[in-house]
Ligand code: NCD
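Numbering (the numbering used here), first residue to last: 3 to 294.
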């Protein structure tokens, strides 16, 4: 049984194969590769984009898809969670996409089910399909990413997107520079950090902006998001005429993370990420379901 809990569950060759397949889906193609298979999305934490992306991906492969939104009812009582998973498994799911506010839940569930567990985001730990679609998008824009630099900006410490991207992008030869105020920086000796985005601007080929994860802060860190924005908002003025691509996993705090002008700038890859996300998830689902 194969599961996708972090990007390290895949070899480099497997990732290349996923990207080859995903490239063939960029025209919104459909097929019947997963006809007769059942994919269940179970999201214990809110999501619009990731859940719908998995739904669209499953349908385009001809699978049946059921999405359960249990954000409001789930107080992660161990038993309830395992019972829920066991029930889904008993319905004959081939893959179960799980999102949960606690790190490690997909890994634990994978020990109790026959279906492939795909991590749709667990706490601040990992979001492997997001990182995989982000690397795919960066390659599309930059070509060979090896040796190129990217600034990851914002609440890195609380971001599963940052965590998974730091692991994956460095593995594929990118240099990551973390740009954040001290309380948003994790302790990662091996990765360079800067408090001021302007210091990194002339070196990077891309910027990945992150949403401030207020739901994971035990106490308010900024009096308001506009205080954060004063130092870390990516503006067109800041980019100038540099060749820097801008990514964001969404949902974007508009005019806090990125300003309107950046969102409508051709250097923004935000919607390319969403588009590519469906294709990359199609390739991931077909691999994990068919190899199961
Ligand atoms: C992210 C998530 O949920 O981890 N969004 C996403 O999956 N597209 C980032 C976020 O919520 O800020």
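Glycine is no exception: its CB is placed at the ideal position from the N, C-alpha and C atoms. This structure is a prediction, so every number in the text was calculated from the model and none was measured.
{"query": "Around the ligand NCD, Cβ to any heavy atom closer than 7 Å, ordered along the chain", "result": "49, 51, 52, 123, 129, 132, 161, 162, 163, 212, 213, 215, 251, 252, 253"}
{"query": "Sub-8 Å separation of residue 181 and residue 164 beta-carbons", "result": "no"}
{"query": "Boundaries of the alpha helix (DSSP H) in which residue 102 is found, first to last residue", "result": "It is not in any alpha helix (DSSP H) - residue 102 instead sits in the beta strand (DSSP E) that spans 97-102."}
{"query": "Where residue 76 falls: helix, strand or coil (DSSP)", "result": "Here residue 76 scores only 48 on pLDDT, less than 50, and its place in the model should not be relied on; the value that follows carries that caveat. It is coil, neither helix nor strand."}
{"query": "Residues of its chain near residue 204, where Cβ-Cβ distance is below 8 Å and the 5 sequence neighbours each way are ignored", "result": "244"}
{"query": "8 Å Cβ cutoff met for residue 93 and residue 152", "result": "no"}
{"query": "Residues that DSSP places opposite residue 151 in a beta bridge", "result": "177"}
{"query": "Touching by the beta-carbon criterion (3+ pairs, under 8 Å), the stretch 272-292 and the stretch 45-65", "result": "yes"}
{"query": "Where residue 185 falls, given that 16 or more other Cβ within 10 Å makes a residue buried", "result": "exposed"}
{"query": "Cβ contact (3+ pairs, closer than 8 Å) linking the stretch 64-71 and the stretch 31-44", "result": "yes"}
{"query": "CA nearest to the CA of residue 23, picked from 143, 292, 288, 157", "result": "288"}
{"query": "Residue from 234, 59, 272, 145 whose Cα sits closest to the Cα of residue 29", "result": "59"}
{"query": "Where residue 195 falls: helix, strand or coil (DSSP)", "result": "strand"}
{"query": "Local Cβ density within 10 Å of residue 12, reported as buried at 16 or more and exposed below that", "result": "buried"}
{"query": "Cβ neighbours of residue 216 in the same chain (closer than 6 Å, five flanking residues each side left out)", "result": "none"}
{"query": "Check whether residue 265 and residue 234 have beta carbons under 8 Å apart", "result": "no"}
{"query": "Span separating the alpha-carbon of residue 133 from that of residue 35", "result": "24 Å"}
{"query": "Where residue 157 falls, given that 16 or more other Cβ within 10 Å makes a residue buried", "result": "buried"}
{"query": "Pair within 8 Å by beta-carbon distance, residue 102 and residue 47", "result": "yes"}
{"query": "Beta-bridge partners of residue 121, as assigned by DSSP", "result": "100"}
{"query": "The stretch 111-124 contacting the stretch 138-149, beta-carbon criterion three pairs below 8 Å", "result": "no"}
{"query": "Three-state secondary structure assigned by DSSP to residue 247", "result": "strand"}
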